Each structure stands twice: as C-alpha cells, then as structure tokens.
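Working notes, beginning with the structure itself.
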Amino acid sequence: NIQFVAKGTDVMCIECNVRASRSFPFVSKTMGVDFIEAATKAIVGYDTSDMNLPTLETRDRPKNFVGVKAPMFSFARLRGSDPVLGVEMASTGEVACFGANKEEAFLKSLLSTGFSMPKKNILLSVQSSLENEMTHSAYQLHELGYNLFATKATGEVLQKNGVPCTIVGYPTEKDGSDMTNALDMIREKDICMVVNVPTYESKRLEDNFLMRRSAVDFGIPLMTNMNLFKVFADAANLHSKGEISGLEPKKLFEHYQGETDADAWTDKDEFH
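Residue 1150 is where the sequence shown starts when you use my numbering, and the numbers rise one by one after that.
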C-alpha cells in the first residue's frame, strides 16, 4: 500500500507499508484468530488445522461484542482539497473499537477519531434521490432535540415528510437574498454538524464543495455518506435512551487486565 499526495505536477510519497498491515490485526483481534500466523503457515506449507480458523460460513464470531474500524483523514492539512470520498483510498489512519453492539462500537470508534457529538444545530443537504431515504434519520435527530437546517431542495422534502426544519440559502446565493446562508452559519459556527451527501447526479457542485470544505476548515464534524448518517442517527438515539454506556474508550492493555484467562484466544501471556 503506497499513499501519494499530488498537487499540480508535484507528487510526494507519504506512506508505504505492507498491504493489509492494519486490516489483518484488526480482523484477528475481532474474530479471535491470528490470521497473520495462519497466512505465514499456508505460504510455507504448514498445517493450520489446529488454529480453529473461521470459514466463510462462520457467523458466531465474535459472540459478545462487535468490532468497528473508523478511518481518519487529513483533509484539514490538505488545503483546498474536496473532503468527499470516492473509490480511491483517502484515509491516513484508523481507530478500531469494540462495543456491545454495532451502534456502541460505531459511536465509540467515531468519537475516538476526534469526532465531536453535535450539541444543537445540524445542517442537512443531500442529493434529491436520497432525500426520502434520509427522512427517518432526520426525524430521529429532531426527536432528540436537535435543530435541523437544510438547503432548499432537501428542506422542502423534509417538511413535506413531516420533519420540522429551517430552510437556508445555498452558499452561492448570497447576493440579493435575505435568507440565512448555509456558508455563513458554518463559518460562524452556528452549525455543529454538516451532512452533505452528493451523488453522480448532483448539479450544485460548487455549493456542495463549499459546504464540505468550510466544515473541515472550521473544525465542524462532516458526514458525506448516507449509510454513515443513518447509523449515526440510530446510535445517537440509543445513546440518548441510556442503551449505550461504554463510550469511554479503554486501551487494549486495560482490556487485557479485565479479561479472564478463559477469555484469551492465545496463551494468557501473549498479546492478542
């Protein structure tokens, strides 16, 4: 795996490591098997039948927890870059966390990347083909007491679907409009989280870019994926009900200290 940073004709290599060097340890810890050892044995022709390896049909590992790995990005240091994800690898690090369920593990890993839970106001702006899909999640956040703001097209659909929200102007509509502008709210930090989900059908490319880039520049949490937004809304909802309690992260060594010898899938004196 090699990561490059390119600007104009200048290309720099910022990282070079063995592919799967982060993924294999995470999957090994989560499923309780040393895949790196298994792969090494397979390469040199050693038997792995004693390693209790899972198969493609295995569905009960792990049994008592869920593992989630959240990516970290360096968009704040790449001035002018568009903080939206495509098929290329853009993350420069990850945080892996365990939780009692998917929502707990997700929220814990998200917070561990430096993400801050929004306190009051959330800005929503998504491609029209996704507006109905986001209605349920938006209403969940409304029920949690968040004030929702949305750009015109998104706001009109939410209001039609019964989700209270305040419509604000697009960033490029500042001239001659008395409507509160989305970009001004981001820059004045009146917004605590920005949800901007474009697709290949998006027409307002400049408006979307300005909202995303300004969120990064002013240190405001940003989400650009609909599935991510829906899981976040579910997790925030469970958290508000007190059903997610383990959000204070523990170091792996602290986890070991609270573990019984029977819980360890390696020798009790080995790291796992």
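Glycine residues also receive a C-beta, built at the ideal position from the N, C-alpha and C atoms.
Source: prediction; values computed, not measured.
Through-space distance from residue j to residue i, alpha-carbon basis
i, j, result
"LYS1390", "GLN1406", "30 Å"
"ALA1422", "HIS1404", "This structure cannot speak to residue 1422, because the chain is shown only from 1150 to 1421."
"MET1328", "ASP1339", "15 Å"
"LYS1309", "GLU1397", "39 Å"
"MET1372", "VAL1160", "28 Å"
"ALA1385", "GLY1304", "22 Å"
"LYS1400", "LYS1218", "15 Å"
"LYS1323", "ASN1330", "7 Å"
"ASN1213", "ALA1249", "7 Å"
"GLU1350", "GLY1157", "27 Å"
"ASP1383", "LYS1178", "26 Å"
"VAL1167", "THR1189", "14 Å"
"ASP1410", "PHE1402", "14 Å"
"VAL1193", "ASP1366", "50 Å"
"VAL1317", "MET1266", "22 Å"
"ARG1208", "ALA1302", "42 Å"
"LEU1205", "PHE1173", "16 Å"
"HIS1285", "GLU1337", "28 Å"
Contacting residues, own chain, Cβ-Cβ under 7 Å from residue i (five flanking each side not counted)
i, result
"PHE1264", "PRO1370"
"ALA1287", "LEU1273, LEU1297, LEU1307 and VAL1312"
"ARG1210", "MET1180, GLY1181 and PRO1203"
"ALA1364", "ILE1335, VAL1343 and LEU1371"
"ARG1171", "GLU1243"
Distance CB(residue i)-CB(residue j) smaller than 7 Å
i, j, result
"LEU1332", "LEU1359", "yes"
"LYS1257", "CYS1341", "no"
"ASP1356", "THR1321", "yes"
"THR1163", "VAL1176", "Residue identity differs from the one stated: residue 1163 is Ile in this sequence, not Thr. No, the pair does not count as a contact, with Cβ atoms beyond the cut-off."
"CYS1165", "ILE1151", "yes"
"GLU1292", "LEU1387", "no"
"ALA1254", "VAL1215", "yes"
"TYR1319", "THR1300", "yes"
Same chain only: Cβ atoms within 8 Å of residue i, ignoring 5 sequence neighbours per side
i, result
"MET1375", "VAL1275, LEU1279, GLU1282, MET1283 and VAL1346"
"VAL1236", "Because VAL1236 sits at a pLDDT of 48, beneath the cut-off of 50, its placement in the model cannot be relied upon, and the following sentence gives the value as read from the coordinates. Here the set comprises nothing."
Member of the options whose CA lies at the smallest distance from the CA of residue i
i, options, result
"PRO1220", "LEU1377, GLY1248 and LYS1400", "LEU1377"
"LYS1352", "MET1266, SER1277 and GLU1206", "SER1277"
"MET1200", "ARG1362, ALA1191 and THR1262", "ALA1191"
"LYS1379", "PHE1247, ASN1270 and GLN1289", "GLN1289"
"LEU1260", "PHE1381, GLU1392, ASP1410 and THR1409", "PHE1381"
"TYR1295", "HIS1285, ASN1270 and ALA1302", "ASN1270"
"THR1262", "THR1409, ARG1208, ASP1183 and GLY1368", "GLY1368"
"PHE1247", "ILE1393, THR1409, ALA1411 and ASP1410", "ILE1393"
Neighbour flag for residue i against chain D, beta carbons, 7 Å
i, result
"ASN1281", "Here chain D cannot be found, since the structure has a single protein chain."
Residues of its chain near residue i, where Cβ-Cβ distance is below 6 Å and the 5 sequence neighbours each way are ignored
i, result
"ASP1183", "SER1177"
"THR1197", "ALA1187 and LYS1190"
(request) Any chance you could list the beta strand (DSSP E) runs of at least 3 consecutive residues sitting entirely within the stretch 1151–1189, in chain order? (result) 1151–1156 and 1159–1165
(request) Starting from the N-terminal side, write out each stretch of the alpha helix (DSSP H) that is 4 residues or longer and does not extend beyond the stretch 1285–1358. (result) 1301–1309 and 1331–1336
(message) Runs of 4 residues minimum, wholly inside the stretch 1248–1287: which ones carry the alpha helix (DSSP H) assignment?
(response) 1251–1261
(request) Please specify which runs of the alpha helix (DSSP H), each continuous and at least 4 residues long, are wholly inside the stretch 1353–1389, giving them in chain order. (result) 1354–1366 and 1375–1389
(request) Quick one: which unbroken beta strand (DSSP E) runs of 3-plus residues sit fully inside the stretch 1196–1225? Chain order, please. (result) 1215–1221
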